[in-house]
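Peer 1: Please read through the structure below; I'll follow up with questions.
Next comes the structure, spelled out in structure tokens:
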């Protein structure tokens with residue numbers, strides 16, 4: 001399999017709930033007015049705590065500093081696994097499950113923090129730029145590694161990277177077990193033709209920027225305590241991806257958004273009883289490894305405060321059981 | 333003819349150019365998300381100086397105070413002249429010209445300040461609530477006056493108003509002659525089916541909120557020094573009206589916006605070499621009376637700083653001549 005290091009330098013930021021009005025102007029520009037910005041990587045995820053915004057440097061320039069904006073200090077690079085047709089994987093699962101053993105577990109063992117961003121199209125594995133040499137060294141046995149440079153994919157000569165190699169320490173990752181929460185919402189992972197984005201603009205604006213204020217239509221059904229507010233929009237290299245629950249989905253015209261042919265619904269596993277931070281390693285691995293062992297598909301979306309895995313609704317009971325079972329120490 | 337006092341209590345405000353980003357969130361709500369606001373009277377006009385926002389009290393609540401927001405301290409009421417079929421007027425002209433002699437001149441003589449807001453559908457004459465008794469007293473000979481109360485039009489018993497009548501002084505209005513500027517832009521006065529507003533949302537958002545930042549498409553052609561930035565959007569009782577120049581018009585899909593069947597273009601007369609303020613009376617009268625004498629149609633849009641008349645492009649030379657000619661003192 002191939003691993004691509006994409007040509008985006010990303011910042012991970014968070015906008016406080018009360019600060020969203022202040023950032024509506026730049027965010028609407030980044031989402032809808034592609035000719036006014038050079039931003040090519042944009043992701044916005046609403047959770048009950050805040051809005052996580054991941055975006056490239058051209059996009060980041062649009063966000064004025066304020067007390068409402070938190071910025072993680074690193075530059076992150078997105079990686080992307082590309083099956084080149086003759087992949088030997090016998091797994092039928094999709095999403096992060098496919099890369100649990102080949103990417104996520106080895107990086108966790110090397111103490112590399114990852115920030116995951118699954119979309120309709122693919123799974124982005126964000127790593128800190130400063131960890132890149134460790135990442136390449138760790139993954140080069142399993143993958144042909146290419147770096148995107150000006151739209152071309154250039155093979156990474158791992159010899160070049162050895163000089164800069166800094167191992168991130170040799171101790172085994174501490175197996176912190178984070179509590180998980182399984183809300184009642186059912187989610188869909190969708191896309192749409194980017195040319196039809198203007199058609200859903202007012203609905204998307206309503207859902208993204210106004211859903212916490214009362215609406216006359218009673219559309220905000222998420223007040224059920226058992227449900228959790230979660231809505232993710234991304235526009236990356238021209239591809240749109242949306243993750244929303246079925247209440248939000250009903251607000252959109254049914255004929256424009258599409259999901260995979262099976263139209264499956266997903267349940268969420270929210271990881272972390274308190275904000276996870278960015279320095280702990282192995283959180284994704286702790287969730288994705290048992291899913292991989294059971295060949296259960298999963299999307300995975302990290303946010304500024306918590307991580308979120310989405311698993312097929314028919315698997316939620318076994319996932320719940322799996323995650324609450326006492327865990328074996330990871331094999332060394 | 334009938335005069336309606338509409339059931340809206342309005343505020344006249346101005347948002348500074350540099351403060352627009354801060355007000356994007358409430359303004360987009362007021363323009364596009366009708367189920368999230370009870371605002372029924374909303375008008376936004378961009379000029380080179382600022383954004384004039386006229387809106388009812390439900391809308392005004394949405395605008396948080398800040399150093400970017402100026403608010404005229406009065407409550408204003410919109411009046412509306414309704415021809416009841418057998419009007420004796422021989423004029424073929426439309427707009428403010430039709431009401432120049434019956435409404436605008438008499439109010440000017442009574443020192444009543446008016447704030448004009450012409451739209452595609454009608455011409456709103458805004459007067460201060462505190463002037464209402466003078467207005468009714470002044471106009472009751474010419475008009476049957478009705479006040480809108482809960483959607484019904486109730487005849488105003490002018491006897492009731494006499495008690496509260498305060499005349500605004502008896503001197504003739506000072507005939508201050510304001511300089512006029514005639515920019516090169518050609519304007520159109522348009523409307524669209526409010527149900528299609530979502531279809532043009534991204535274009536309208538782009539033009540309203542982002543047109544002063546550079547665009548990749550080179551769509552901001554207004555930098556010609558001879559042209560003046562002017563764009564007006566209103567959504568009043570469910571009716572949309574747009575006034576824009578032909579450069580802005582080209583950005584919208586041609587099949588959704590409509591203008592009157594003749595598709596005429598309009599030229600602007602901008603009144604005032606320095607901000608006019610709200611207390612001087614007779615400014616509209618000075619422009620509209622000579623237009624009425626020549627039976628030239630005109631729209632008229634007041635903003636926070638300046639007044640703007642729109643006249644048919646074929647009449648602009650005679651209007652220019654008319655306004656620059658030494659003026660007779662108004663007949664008493």
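Protein chains in written order, with my numbering: chain U, 1 to 332; chain Y, 333 to 664. Glycine included, C-beta positions come from ideal geometry on N, C-alpha and C.
Mark residue 149 of chain U as exposed unless 16 or more other C-beta atoms lie within 10 angstroms of its C-beta, in which case mark it buried.
Peer 2: Locating residue 149 of chain U in the first chain gives position 149, counting from the first residue. Exposed, because fewer than 16 other Cβ atoms sit within 10 Å of the Cβ of residue 149 of chain U.
Peer 1: Please return the same chain residues whose Cβ sits closer than 8 angstroms to the Cβ of residue 106 of chain U, not counting the five positions on each side in sequence.
Peer 2: One-based indexing of the first chain puts residue 106 of chain U at position 106. Excluding sequence neighbours, residue 106 of chain U sits near 138, 139, 142.
Peer 1: Below 8 angstroms on the Cβ atoms is my contact criterion, and I expect residue 31 of chain U with residue 42 of chain U to pass it. Report the Cβ-Cβ distance as a whole number of Å.
Peer 2: The sequence position of residue 31 of chain U within the first chain is 31, counting from 1. The sequence position of residue 42 of chain U within the first chain is 42, counting from 1. That belief holds up - the Cβ atoms of residue 31 of chain U and residue 42 of chain U are roughly 7 angstroms apart, short of 8 angstroms.
Peer 1: Buried or exposed: which applies to residue 110 of chain U, given that a residue is buried once 16 or more other Cβ atoms fall within 10 Å of its Cβ?
Peer 2: Working through the first chain from its first residue, we reach residue 110 of chain U at position 110. The residue is buried, with at least 16 neighbouring Cβ atoms inside 10 Å.
Peer 1: For residue 488 of chain Y, which three-state DSSP category applies?
Peer 2: Counting from one through the second chain, the residue named residue 488 of chain Y turns up at place 156. Note: residue 488 of chain Y maps to coil in three-state DSSP.
Peer 1: Could you check the C-alpha separation between residue 350 of chain Y and residue 611 of chain Y for me, to the nearest Å?
Peer 2: In the second chain, the residue the question calls residue 350 of chain Y occupies position 18. In the second chain, the residue the question calls residue 611 of chain Y occupies position 279. Roughly 26 angstroms between the two C-alpha positions.
Peer 1: When the Cα of residue 623 of chain Y is compared with those of Y/390, Y/513, Y/427, which residue comes out closest?
Peer 2: Taking the first residue of the second chain as position 1, residue 623 of chain Y is located at position 291. Measuring from the Cα of residue 623 of chain Y, the nearest candidate turns out to be Y/427.
Peer 1: Could you tell me which of U/78, U/300, U/277 sits nearest to residue 236 of chain U, measuring between CA atoms?
Peer 2: Within the first chain, numbered from 1, the residue matching residue 236 of chain U stands at position 236. Among U/78, U/300, U/277, the Cα nearest to that of residue 236 of chain U is on U/78.
Peer 1: Do residue 183 of chain U and residue 250 of chain U have their beta-carbon atoms positioned less than 9 angstroms apart in this structure?
Peer 2: Here residue 250 of chain U refers to the residue found at position 250 of the first chain. Here residue 183 of chain U refers to the residue found at position 183 of the first chain. No, the Cβ-Cβ distance between residue 250 of chain U and residue 183 of chain U is not below 9 angstroms.
Peer 1: In whole angstroms, what is the alpha-carbon distance linking residue 589 of chain Y and residue 570 of chain Y?
Peer 2: Along the second chain, one-based indexing puts residue 589 of chain Y at 257. Along the second chain, one-based indexing puts residue 570 of chain Y at 238. Using only the alpha carbons, I get a separation of about 16 angstroms.
Peer 1: Have a look at Y/513, Y/346, Y/633 and flag the residue whose alpha-carbon is nearest the alpha-carbon of residue 402 of chain Y.
Peer 2: By 1-based counting over the second chain, the position of residue 402 of chain Y is 70. Minimum Cα distance to residue 402 of chain Y is reached at Y/346.
Peer 1: Under 6 angstroms Cβ to Cβ from residue 190 of chain U, same chain only, skipping five residues before and after it: list those, please.
Peer 2: By 1-based counting over the first chain, the position of residue 190 of chain U is 190. Cβ within range, chain order: 242, 257, 259.
Peer 1: Look at residue 266 of chain U and residue 186 of chain U and say whether their C-beta atoms are less than 9 angstroms apart.
Peer 2: Taking the first chain and counting its residues from 1, one reaches residue 266 of chain U at position 266. Taking the first chain and counting its residues from 1, one reaches residue 186 of chain U at position 186. Yes, they are a contact pair.
Peer 1: Once you ignore the five residues that flank residue 83 of chain U on each side, which residues in its own chain have a CB closer than 7 angstroms to its CB?
Peer 2: Sequence index remark: in the first chain, residue 83 of chain U carries index 83 (1-based). Within the same chain, residue 83 of chain U has close Cβ partners 1.
Peer 1: Listed in chain order, which residues of the segment 234-254 of chain U have Cβ atoms closer than 8 angstroms to some Cβ of chain Y?
Peer 2: Within the segment 234-254 of chain U, no residue has a Cβ that lies closer than 8 angstroms to any Cβ of chain Y.
Peer 1: Could one say the Cβ of residue 345 of chain Y lies closer than 9 angstroms to chain U's Cβ atoms, at least one of them?
Peer 2: Residue numbering aside, residue 345 of chain Y sits at position 13 when the second chain is read from its first letter. Output row for residue 345 of chain Y: interface = no.
Peer 1: Cutting at 6 angstroms between CB atoms, please list the residues of its own chain near residue 101 of chain U, excluding the five before and the five after it.
Peer 2: Sequence index remark: in the first chain, residue 101 of chain U carries index 101 (1-based). Cβ neighbours of residue 101 of chain U beyond the five flanking positions: 292.
Peer 1: For residue 29 of chain U, decide whether its Cβ has a neighbour in chain Y, counting only Cβ atoms nearer than 9 angstroms.
Peer 2: Within the first chain, the letter at position 29 stands for residue 29 of chain U. Yes, residue 29 of chain U lies at the interface with chain Y (some Cβ there is under 9 angstroms from its Cβ).
Peer 1: Determine, for residue 538 of chain Y, whether the minimum Cβ-Cβ distance to residues of chain U falls below 9 angstroms.
Peer 2: Indexing the second chain from 1 puts residue 538 of chain Y at position 206. It does; some Cβ of chain U falls within 9 angstroms.
Peer 1: Can you list, in chain order, the residues of its chain with a C-beta nearer than 6 angstroms to that of residue 99 of chain U? Leave out the 5 residues immediately preceding and following it.
Peer 2: Working through the first chain from its first residue, we reach residue 99 of chain U at position 99. Cβ neighbours of residue 99 of chain U beyond the five flanking positions: 81.
Peer 1: Does chain U have any CB closer than 9 angstroms to the CB of residue 352 of chain Y?
Peer 2: Position 20 of the second chain, counted from the start, is the residue given in the question as residue 352 of chain Y. Closer than 9 angstroms: yes.
Peer 1: Using DSSP with H/G/I as helix, E/B as strand and the rest coil, what is residue 570 of chain Y?
Peer 2: Here residue 570 of chain Y refers to the residue found at position 238 of the second chain. Three-state result, residue 570 of chain Y: coil.
Peer 1: When DSSP builds the beta bridges, which residues end up paired with residue 300 of chain U?
Peer 2: Translated into positions along the first chain, residue 300 of chain U becomes position 300. DSSP lists U/309 as partners of residue 300 of chain U.
Peer 1: Using a Cβ cut-off of 9 angstroms, pull out every chain U residue sitting near residue 364 of chain Y, in sequence order please.
Peer 2: Counting from one through the second chain, the residue named residue 364 of chain Y turns up at place 32. Within 9 angstroms Cβ-Cβ: 201, 202, 205, 206.
Peer 1: Roughly how many angstroms lie between the CA atoms of residue 630 of chain Y and residue 73 of chain U, to the nearest whole one?
Peer 2: Taking the second chain and counting its residues from 1, the one referred to as residue 630 of chain Y is at position 298. Taking the first chain and counting its residues from 1, the one referred to as residue 73 of chain U is at position 73. Their Cα atoms are separated by approximately 58 angstroms.
Peer 1: What do you get for residue 595 of chain Y, buried or exposed, if any count of 16 or more other CB atoms within 10 angstroms of its CB means buried?
Peer 2: Here residue 595 of chain Y corresponds to residue number 263 of the second chain, with the count starting at 1. The residue is exposed, with fewer than 16 neighbouring Cβ atoms inside 10 Å.
Peer 1: Identify the contact partners of residue 541 of chain Y in chain U, using a Cβ-Cβ distance below 7 angstroms as the criterion.
Peer 2: Locating residue 541 of chain Y in the second chain gives position 209, where the first residue counts as 1. Chain U residues near residue 541 of chain Y: 25.
Peer 1: For the ligand HEM, I want to know if residue 443 of chain Y counts as a neighbour, meaning its beta carbon is within less than 8 angstroms of at least one of the ligand's heavy atoms.
Peer 2: As far as ligands go, the structure on display features none, and thus does not contain the ligand HEM.
Peer 1: To the nearest angstrom, how far is it from the Cα of residue 21 of chain U to the Cα of residue 355 of chain Y?
Peer 2: Stepping through the first chain from its first residue, residue 21 of chain U is reached at position 21. Stepping through the second chain from its first residue, residue 355 of chain Y is reached at position 23. So the alpha carbons of these two residues sit roughly 8 angstroms apart.
Peer 1: Hey, out of U/192, U/60, U/117, whose CA is closest to residue 38 of chain U's CA?
Peer 2: Looking up residue 38 of chain U in the first chain gives position 38. Closest option to residue 38 of chain U, Cα to Cα, is U/60.
Peer 1: Need the endpoints of the beta strand (DSSP E) that residue 332 of chain Y sits in, please.
Peer 2: There is simply no residue 332 of chain Y to check, as chain Y begins at 333 and stops at 664 in what is shown.
Peer 1: Assign residue 307 of chain U to buried or exposed, taking buried as 16 or more other Cβ atoms, counted over all protein chains shown, within 10 Å of its Cβ.
Peer 2: Within the first chain, numbered from 1, the residue matching residue 307 of chain U stands at position 307. The residue is buried, with at least 16 neighbouring Cβ atoms inside 10 Å.
Peer 1: Tell me which same chain residues have a C-beta within less than 7 angstroms of the C-beta of residue 348 of chain Y, skipping the five on either side of it?
Peer 2: Within the second chain, residue 348 of chain Y is the residue found at index 16, counting from 1. Taken in chain order, the residues that qualify are 382, 400.
Peer 1: Given residue 248 of chain U, which residues of its chain have a CB within under 7 angstroms of its CB, disregarding the five upstream and five downstream residues?
Peer 2: Residue mapping note: residue 248 of chain U aligns to position 248 of the first chain, counting from 1. Result list for residue 248 of chain U: 207, 231, in chain order.
Peer 1: Return the residue from the list U/313, U/302, U/316, U/318 that minimises the CA-CA distance to residue 124 of chain U.
Peer 2: Mapped onto the first chain, residue 124 of chain U falls at position 124. Measuring from the Cα of residue 124 of chain U, the nearest candidate turns out to be U/302.
Peer 1: What are the start and end residues of each continuous beta strand (DSSP E) run of 3 or more residues lying completely inside the segment 377-457 of chain Y, in chain order?
Peer 2: Entirely contained in the segment 377-457 of chain Y, the beta strand (DSSP E) runs reaching 3 residues are, in chain order, 382-388, 401-403, 408-414, 446-450.
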